[in-house]
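Data first, discussion second: the structure below is written as structure tokens.
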Amino acid sequence: MRSASLDPSRTAIAVPASALPLAPTRPALPFGREFRSLLDLKRRTIGPMLGVTLAAFVVVLVLAGYARPLMTAKVAGSLPLGYALIAGIYGLCWGVAVLYAYLADARYDPQAERAVAEQGARP
Amino acid sequence: MKALALVIFAIILGATLLITYWAARRTKSAESFYAANSSLSPVQNGFALAGDWMSAAAFLGFTGLAALYGMDGTLYAAGALVAFLPILMLVAEPLRNTGRYTLGDVIAFRMRRPAARLAAVVGAVLVSLAYLIPQMAGGGALIKLLLGLPYSLSVVIVGLGMIVYVTFGGMLATSWVQIVKAVLLLGTAALIMLLLLARFDFNPLALFSAMEARYGTAILAPGNYLKHPLDQLSLGLSFALGTAGLPHVMTRFYTVPDARAARRSVIWLMFLAGSFFFVTTLIGFGSAVLVGQDAIRASDRGGNLALPLLAQHLGGGPDSIWGQMLLAFVAAVAFATILAVVAGLTLSTSGAIAHDVYVNVIRRGQVSEAEQVRVARWATFGVGLVAILLGLLAEGVNVAVLVILAISVAASANFPVIVLSLFWRRFNTAGVIGGMATGLVSAVALALVGPAFLGPAALFPIVNPAILSMPLGFLGAVLGTYLGSREADADAHFDAVLFQAQTGRAPA
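Sequences listed follow chains A and B, in order.
Residue numbering for the first sequence follows this note's numbering, starting at 1 and increasing by one per position.
Residue numbering for the second sequence follows this note's numbering, starting at 1001 and increasing by one per position.
The following block contains the structure:
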């Protein structure tokens, strides 16, 4: 038998629907092997790519703040080290972006499709 | 020159209004108004993103900084490119997979609480307005300087143009105005680079030698503009991470059909805008060497006219027809740049107000399609009027301060909330509010007591406060999460959000 007291619409004091806590849409998902592999793959590849690039950028920024004479040392003709390092940051960003795009097309997307098939997802 | 520039301005304005007329006939639903029916290709959205990101601050500001201060300007520009790596790898695809029109959608999808959406709205509106005011003020000052029109009239022209584009053409018109502007800007930069390098035997290193010969070794060193040793680091970090919290850039990912297209858009942007940022140093150096720092400062103390003056010089000087033509063309491109960027900012602001606050919080989604579009148009009109008013009031205000404020708040309030929403299971509504409030208050407070506002009497020594306010934003989000009650539904919903963010599909 359904208890009336559990039905908010039938309690003595009317509680607006918006004030009620939302019911969970679904319990925590038991992720399948394919989805866990996708997360693991992304963690193993994106972490180093992003970490190395951001670390390189931070090193250049710190050198610009604390090693200003070093940044003006010439490395090729009249090109100071600082500008060469910044040019390197551009190259690194572009290279890593292309690598990410390749990995995403070749590895992440197929793995995501396998995870969707395994989990029985809907569009 | 002024008559010539006016003609080119009129042509650009006419072309963009034609685009708006075409787009208006296709803008009938909320989906088309906010997201151009998600119909743009990666290349189109890449150009539009590049158009958004190559604002007047980049087009005129980076070149001016490089001309007057050397390496600090180069670091600024590099930060603008680095910013898109975290976006590419962490934010763009999950955002496309979980949101619909606004950043508030993503937060609400994860938290399922109106309070969380409202907190996101505060961050989005504040950042957009802080970004909008300097664009309006910069546009007004630029048109006044180049065409001789009064500042107030210039601001009103920019504001009315933006209101017309967005109100009638929505995201479709805004996107195509961005694309046209990006093509014009990149074409102009390529032409100037060609003419400039021809003067130096196509040897970019010769520009470094010429710069050093004229201004000494110190001009090539860092620290000429950003004095405190931590200034570079703070500015770089706020650019690299704060860009992911700029609503007008992030909402562009909803204009493409799926996450794969969003990813490809970012790659296009990184090569298009990145190439431009890369040459801003050479353009700045060329201007300093050929035009001279004194002449640049005489035209504009901040160096914002370094690029237009270089264009005039390369064309043959102020007395030659080609010199006048090039200057007029560059001025018109700058005008198109400002119009396009303010249109994007207005659209994201009106989306936060109309879609997040009115449709989803006040009316709880019970709004017809026609009414959504009507409300969005009225919100755009209102935001446009506010932008014009604020632009008029901002005459003479140091607009760079507002840009710093916008990017700092984006890095300190919006970025922590977006990242934690997408990647931290325990994160809850109290965390959203805590992170947003702490990041916002600390960024604004530290900027107010920093050198940008107080000059030498500053209590906080670093111009851009993100180096401290961003960790505070994260701390506020984490503390808020642990102090707030655990939300079983949002907790359980996290797995579904994670699955959808990573695959683009909702688990069955």
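Where is the CB? At the ideal position from N, CA and C, for every residue including glycine.
Environment of residue i [buried if 16+ CB atoms lie within 10 Å]
{"i": "valine 1180 of chain B", "result": "buried"}
{"i": "glutamine 1324 of chain B", "result": "buried"}
{"i": "lysine 42 of chain A", "result": "buried"}
{"i": "glutamate 1487 of chain B", "result": "buried"}
{"i": "valine 59 of chain A", "result": "exposed"}
{"i": "arginine 1117 of chain B", "result": "buried"}
{"i": "alanine 19 of chain A", "result": "Reliability of the predicted coordinates at alanine 19 of chain A is poor, the pLDDT of 36 falling under 50, and no value is obtained from them."}
{"i": "glutamate 1212 of chain B", "result": "buried"}
{"i": "asparagine 1304 of chain B", "result": "buried"}
{"i": "glycine 1317 of chain B", "result": "exposed"}
{"i": "glycine 1014 of chain B", "result": "exposed"}
{"i": "proline 21 of chain A", "result": "Any answer about proline 21 of chain A is weak, because its pLDDT of 39 lies below 50 and its placement is not dependable; what the coordinates show is given next. Under this definition proline 21 of chain A is an exposed residue."}
{"i": "alanine 1501 of chain B", "result": "buried"}
{"i": "tyrosine 108 of chain A", "result": "buried"}
{"i": "valine 52 of chain A", "result": "exposed"}
Test: residue i CB closer than 8 angstroms to a CB of chain B
{"i": "threonine 25 of chain A", "result": "Only weak support exists for where threonine 25 of chain A lies, its pLDDT of 48 falling under 50; the value from the coordinates is given anyway. Closer than 8 angstroms: yes."}
{"i": "aspartate 109 of chain A", "result": "yes"}
{"i": "serine 78 of chain A", "result": "yes"}
{"i": "glycine 65 of chain A", "result": "yes"}
{"i": "glycine 120 of chain A", "result": "yes"}
{"i": "tyrosine 102 of chain A", "result": "no"}
{"i": "alanine 106 of chain A", "result": "no"}
{"i": "valine 59 of chain A", "result": "no"}
{"i": "alanine 112 of chain A", "result": "yes"}
{"i": "alanine 115 of chain A", "result": "yes"}
{"i": "glycine 82 of chain A", "result": "yes"}
{"i": "leucine 41 of chain A", "result": "no"}
{"i": "leucine 50 of chain A", "result": "yes"}
{"i": "valine 97 of chain A", "result": "The sequence shown places alanine at residue 97 of chain A, rather than the valine named in the question. So, interface residue."}
{"i": "valine 62 of chain A", "result": "yes"}
Proximity below 8 angstroms, CB of residue i to CB of residue j
{"i": "aspartate 1105 of chain B", "j": "proline 1222 of chain B", "result": "no"}
{"i": "methionine 1263 of chain B", "j": "alanine 1092 of chain B", "result": "Looking at the sequence itself, residue 1263 of chain B is arginine, so the reference to methionine does not match. In this structure, alanine 1092 of chain B lies closer than 8 angstroms to arginine 1263 of chain B by Cβ."}
{"i": "valine 1289 of chain B", "j": "leucine 1393 of chain B", "result": "no"}
{"i": "glutamine 119 of chain A", "j": "proline 1114 of chain B", "result": "no"}
{"i": "leucine 1440 of chain B", "j": "leucine 1126 of chain B", "result": "yes"}
{"i": "valine 98 of chain A", "j": "methionine 49 of chain A", "result": "no"}
{"i": "leucine 1454 of chain B", "j": "leucine 1468 of chain B", "result": "no"}
{"i": "valine 1082 of chain B", "j": "isoleucine 89 of chain A", "result": "yes"}
{"i": "serine 1128 of chain B", "j": "glutamate 1369 of chain B", "result": "no"}
{"i": "leucine 1006 of chain B", "j": "leucine 1185 of chain B", "result": "no"}
{"i": "tyrosine 1034 of chain B", "j": "tyrosine 1254 of chain B", "result": "yes"}
{"i": "isoleucine 1420 of chain B", "j": "alanine 1379 of chain B", "result": "With the sequence shown as reference, residue 1420 of chain B is identified as leucine, and isoleucine is not the correct amino acid for it. Cβ distance not < 8 angstroms, so leucine 1420 of chain B and alanine 1379 of chain B don't count as in contact."}
Distance between beta carbons of residue j and residue i, contact taken as under 8 angstroms
{"i": "methionine 1270 of chain B", "j": "phenylalanine 1084 of chain B", "result": "5 angstroms"}
{"i": "valine 1166 of chain B", "j": "alanine 1343 of chain B", "result": "5 angstroms"}
{"i": "isoleucine 1433 of chain B", "j": "glycine 1480 of chain B", "result": "6 angstroms"}
{"i": "phenylalanine 1239 of chain B", "j": "alanine 1141 of chain B", "result": "So it is not a contact: roughly 23 angstroms between Cβ atoms."}
{"i": "aspartate 1356 of chain B", "j": "valine 1121 of chain B", "result": "5 angstroms"}
{"i": "leucine 1103 of chain B", "j": "proline 1247 of chain B", "result": "5 angstroms"}
{"i": "alanine 1466 of chain B", "j": "leucine 1309 of chain B", "result": "Alanine 1466 of chain B to leucine 1309 of chain B, Cβ: 32 angstroms. No contact."}
{"i": "proline 110 of chain A", "j": "leucine 1220 of chain B", "result": "No, proline 110 of chain A and leucine 1220 of chain B are not in contact; Cβ-Cβ is about 48 angstroms, not under 8 angstroms."}
{"i": "methionine 1193 of chain B", "j": "glycine 1159 of chain B", "result": "The pair is not a contact, with the Cβ atoms about 33 angstroms apart (cut-off 8 angstroms)."}
{"i": "phenylalanine 1335 of chain B", "j": "isoleucine 1143 of chain B", "result": "7 angstroms"}
{"i": "threonine 1346 of chain B", "j": "valine 1383 of chain B", "result": "5 angstroms"}
Contact set for residue i: own chain, Cβ-Cβ below 6 angstroms, skip 5 residues either direction
{"i": "glutamate 1031 of chain B", "result": "Asn1037"}
{"i": "leucine 1272 of chain B", "result": "Ala1050"}
{"i": "leucine 1472 of chain B", "result": "Thr1438 and Ser1442"}
{"i": "leucine 1235 of chain B", "result": "Asn1464"}
{"i": "histidine 1228 of chain B", "result": "Pro1461 and Ile1462"}
{"i": "serine 1348 of chain B", "result": "Ser1128, Pro1247, His1248 and Thr1251"}
Test: residue i CB closer than 8 angstroms to a CB of chain A
{"i": "valine 1260 of chain B", "result": "Per the sequence shown, the amino acid found at residue 1260 of chain B is arginine instead of valine. Yes, because at least one Cβ of chain A sits closer than 8 angstroms to the Cβ of arginine 1260 of chain B."}
{"i": "valine 1419 of chain B", "result": "no"}
{"i": "glutamine 1044 of chain B", "result": "no"}
{"i": "phenylalanine 1415 of chain B", "result": "no"}
{"i": "glutamate 1395 of chain B", "result": "no"}
{"i": "leucine 1095 of chain B", "result": "no"}
{"i": "valine 1082 of chain B", "result": "yes"}
{"i": "methionine 1511 of chain B", "result": "With chain B covering only 1001 through 1508, there is no way to say anything about residue 1511 of chain B."}
{"i": "leucine 1233 of chain B", "result": "yes"}
{"i": "serine 1320 of chain B", "result": "no"}
{"i": "phenylalanine 1202 of chain B", "result": "no"}
{"i": "proline 1451 of chain B", "result": "no"}
Residues of its chain near residue i, where Cβ-Cβ distance is below 7 angstroms and the 5 sequence neighbours each way are ignored
{"i": "arginine 1252 of chain B", "result": "Asn1045, Ala1048, Leu1049 and Asp1052"}
{"i": "valine 1279 of chain B", "result": "Ala1189 and Met1193"}
Spatial neighbours of residue i in its chain, beta-carbon cut-off 8 angstroms, leaving aside the 5 residues before and after
{"i": "threonine 1188 of chain B", "result": "Ala1311, Phe1329, Val1330 and Val1333"}
{"i": "alanine 76 of chain A", "result": "Ala84"}
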